[in-house]
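If you read the sequence shown in numbering that gives the first Met the number 0, its first letter stands for residue 0, the second for the next number, and so on. Ideal placement from N, C-alpha and C gives every residue a C-beta, glycine not left out. These notes are about the structure you will find just below.
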Amino acid sequence: MRIPSEQVGKSRQLSQAETCHPGQPVALDQWYMPQLLKLLFNSLKMYDPDFGCAFVDERMYSDFDHSAALSAMRCPMLVLHANWKRLPSYGLVGAMDDDDEKRLQQLLP
Numbered sequence: 000m001r002i003p004s005e006q007v008g009k010s011r012q013l014s015q016a017e018t019c020h021p022g023q024p025v026a027l028d029q030w031y032m033p034q035l036l037k038l039l040f041n042s043l044k045m046y047d048p049d050f051g052c053a054f055v056d057e058r059m060y061s062d063f064d065h066s067a068a069l070s071a072m073r074c075p076m077l078v079l080h081a082n083w084k085r086l087p088s089y090g091l092v093g094a095m096d097d098d099d100e101k102r103l104q105q106l107l108p
């Protein structure tokens with residue numbers, strides 16, 4: 000007996016759920032799972048992993064010029080500059096450092 004390619008690697012329970020509810024997301028609604036864990040798993044169906052990867056591999060802002068955008072601002076802007084630090088393994092931890100803040104002041108009209 001040959002297993003259809005769309006069913007390879009699927010559990011019997013997953014296949015049954017898809018058969019009973021075609022076209023609907025499969026819910027992990029097991030009674031023994033904590034509510035917070037159910038909520039986490041349920042939210043994953045709305046998350047696009049490529050969105051997160053775009054930040055890591057820097058595609059998110061590849062064609063966006065921050066300097067040009069900030070220079071073009073024509074309305075009042077509130078900038079919150081909070082505490083920051085640099086860690087050897089992560090780099091900048093925080094939205095911007097003091098040098099970024101100085102550059103921001105130069106760019107804004």
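With a cut-off of 8 Å on the beta carbons, I'd call residue i and residue j a contact; round off their distance for me.
i: M76; j: L107; result: 6 Å
Which of helix, strand or coil does DSSP assign to residue i?
i: V92; result: strand
i: L77; result: coil
i: L107; result: coil
i: R11; result: helix
i: R58; result: coil
i: G51; result: helix
i: H65; result: helix
i: Q23; result: coil
i: K44; result: coil
i: A71; result: coil
Going by C-alpha to C-alpha distance, which of the options sits closest to residue i?
i: Q105; options: H20, S70, F40 and A81; result: S70
i: A68; options: L103, P21 and V55; result: L103
i: D98; options: S88, Y89, S61 and W83; result: W83
i: S66; options: S42, P33 and E100; result: E100
i: D96; options: M72, E57, A81 and P33; result: A81
i: Y89; options: E17, V55, P33 and P48; result: V55
Does the beta-carbon distance from residue i to residue j come in below 8 Å?
i: L79; j: R85; result: no
i: K44; j: P24; result: yes
Looking only at DSSP bridge pairs, what is residue i linked to?
i: K84; result: V92
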